[in-house]
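Under the working numbering, the first residue of the sequence shown is numbered 51, with each subsequent residue one higher. Ideal Cβ positions, reconstructed from N, Cα and C, are used throughout, including at glycine. As the structure is a prediction and not an experimental result, all values here were calculated from the model.
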Amino acid sequence: MVAALPYRGRFAPTPSGPLHLGSLVAALASYLDARVHQGDWLVRIEDIDEPRSVPGAAEIILEQLHDHGLHWHPEVLWQSQRKPRYQQVLNELQQAGLTYACDCTRQQIKARGQHYDGHCRNRQLATATHAIRFRNDGSIGAFTDRLLGHTIVNTEAAGEDFVLFRRDGWFTYQLAVVVDDIDQQITDIVRGADLIDATPWQLLLWRQLSQRQPRFAHVPLVTDAHGRKLSKQNHAQPLSALQVVGQLKQACQYLQLPLQGANSRDDILQQATRQWQRRWLP
Ligand code: GLU
Ligand code: ZN
Numbered sequence: 051m052v053a054a055l056p057y058r059g060r061f062a063p064t065p066s067g068p069l070h071l072g073s074l075v076a077a078l079a080s081y082l083d084a085r086v087h088q089g090d091w092l093v094r095i096e097d098i099d100e101p102r103s104v105p106g107a108a109e110i111i112l113e114q115l116h117d118h119g120l121h122w123h124p125e126v127l128w129q130s131q132r133k134p135r136y137q138q139v140l141n142e143l144q145q146a147g148l149t150y151a152c153d154c155t156r157q158q159i160k161a162r163g164q165h166y167d168g169h170c171r172n173r174q175l176a177t178a179t180h181a182i183r184f185r186n187d188g189s190i191g192a193f194t195d196r197l198l199g200h201t202i203v204n205t206e207a208a209g210e211d212f213v214l215f216r217r218d219g220w221f222t223y224q225l226a227v228v229v230d231d232i233d234q235q236i237t238d239i240v241r242g243a244d245l246i247d248a249t250p251w252q253l254l255l256w257r258q259l260s261q262r263q264p265r266f267a268h269v270p271l272v273t274d275a276h277g278r279k280l281s282k283q284n285h286a287q288p289l290s291a292l293q294v295v296g297q298l299k300q301a302c303q304y305l306q307l308p309l310q311g312a313n314s315r316d317d318i319l320q321q322a323t324r325q326w327q328r329r330w331l332p
């Protein structure tokens, strides 16, 4: 057994645009959970996908968090500065025989089915200029979620040989997020339910790279009137510095945290912390 680490949570936005209500819900949930546990709450800028990163967006995100009173631990990590570390871990996985190169195009993969079918597993391609995939043994098809309980995932997705390094030369979110969560000693991952399908993959990497595993809590997604996830692609409204109180109240509603006559930012955060404890902690 590894001794239990002190609580450390994180919010890990991709700087592809400003935060919207959906991202505020995820940020608030992880912030409140860290606060209830008297733990650290870290912010990590997930700018590993540089083509998707928008210059200046990370600074706006930090300002938005600040406006909403979500104060983070001073250690802010930028994934774009961590490439040597990701390379080192990728080499380790390669040396352990847990990866293989793949030269399939997106069209070829799609033509064969919804999920990657392991086409290149035994082709022994040289790794240069190709994507690198993880040799998934399909051994994780479920996990325990602190909010959702025993969670069974889509087995085809869970068993897929996911990509660690892209053929266009970028490390993937799957690799970076796990390396960072391990290196930053994160104990609790509280995030949106859109990432549930990636959790088994990340747990597989955790199992390879660390002696311990984090706890997960996935919070419900905020959807628009058509039931679609609020996202930058769907043109979700950015959070406004002029509507902090209203936005926080809305976020609390999505998290099922009733407030009573709270009308300032700090009041809301205080009540919400108590309600989070009551609603989500056994
Ligand atoms: N960067 C991811 C996103 O913005 C979140 C990563 C995570 O919380 O694991 O969707
Ligand atoms: Zn392939």
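Mind checking whether L80 and W91 have CB atoms under 8 Å apart?
Counted from its first residue, the sequence shown places residue 80 at position 30. Counted from its first residue, the sequence shown places residue 91 at position 41. As written in the sequence, residue 80 is Ser, which differs from the Leu given in the question. Closer than 8 Å, so yes.
Taking the beta carbon of W251 as the centre, do at least 16 other beta carbons fall within 10 Å, making it buried, or is it exposed?
Position 201 of the sequence shown, counted from the start, is the residue given in the question as residue 251. Buried, since its Cβ has 16 or more Cβ neighbours within 10 Å.
With a CB to CB cut of under 6 Å and the five nearest residues on each side skipped, what residues in its chain are close to F212?
The count along the sequence shown starts at 1 and reaches residue 212 at position 162. So the list reads F184, Q224, W251, once near-sequence residues are dropped.
With R58 as the anchor, note down where its beta strand (DSSP E) starts and where it stops.
On the sequence shown, position 8 is the one that residue 58 refers to. Looking at the DSSP string, the run of the beta strand (DSSP E) that includes R58 is 58-61.
Can you pull every residue whose C-beta falls closer than 5 Å to some heavy atom of the ligand ZN, listed in chain order?
C152, C154, H169, C170
Please report the Cβ distance between Q129 and D97, rounded to the nearest whole angstrom; I am assuming they are in contact, meaning their Cβ atoms lie under 8 Å.
In the sequence shown, the residue the question calls residue 129 occupies position 79. In the sequence shown, the residue the question calls residue 97 occupies position 47. Sure, about 5 Å apart at Cβ, within 8 Å.
Give me the Cα-Cα distance between I110 and G89, rounded to the nearest whole angstrom.
Here residue 110 is taken as the residue at index 60 of the sequence shown, counted from 1. Here residue 89 is taken as the residue at index 39 of the sequence shown, counted from 1. Between I110 and G89, the C-alpha separation is close to 25 Å.
Does the beta carbon of Y81 fall short of 7 Å from some heavy atom of the ligand GLU?
In the sequence shown, residue 81 corresponds to position 31, counting from 1. No, the ligand GLU has no heavy atom inside 7 Å of this Cβ.
Smallest Cα separation from A286: which of Q261, G67, F61?
Your numbering for residue 286 matches position 236 in the sequence shown. Nearest option by C-alpha distance: G67.
To the nearest angstrom, report how far apart R257 and Q263 are at their CA atoms.
Position 207 of the sequence shown, counted from the first residue, corresponds to residue 257. Position 213 of the sequence shown, counted from the first residue, corresponds to residue 263. Roughly 7 Å separates the two Cα atoms.
Just tell me which of N313, L292, I318, Q144 has its CA closest to the CA of C302.
Counted from its first residue, the sequence shown places residue 302 at position 252. Considering only alpha carbons, the answer is I318.
Exposure of V229, with buried meaning 16 or more beta-carbon neighbours within 10 Å:
Residue 229 sits at position 179 when you count from the first residue of the sequence shown. Buried, since its Cβ has 16 or more Cβ neighbours within 10 Å.
Report the rounded CA-to-CA distance for L305 versus V75, giving the unit in angstroms.
On the sequence shown, residue 305 is found 255 positions in, with the first residue counted as 1. On the sequence shown, residue 75 is found 25 positions in, with the first residue counted as 1. Taking the straight line from one Cα to the other gives about 7 Å.
Cβ of I236 within 7 Å of any heavy atom in the ligand GLU?
As a working note, residue 236 is residue 186 in the sequence shown. No, the beta carbon of I236 sits no closer than 7 Å to any heavy atom of the ligand GLU.
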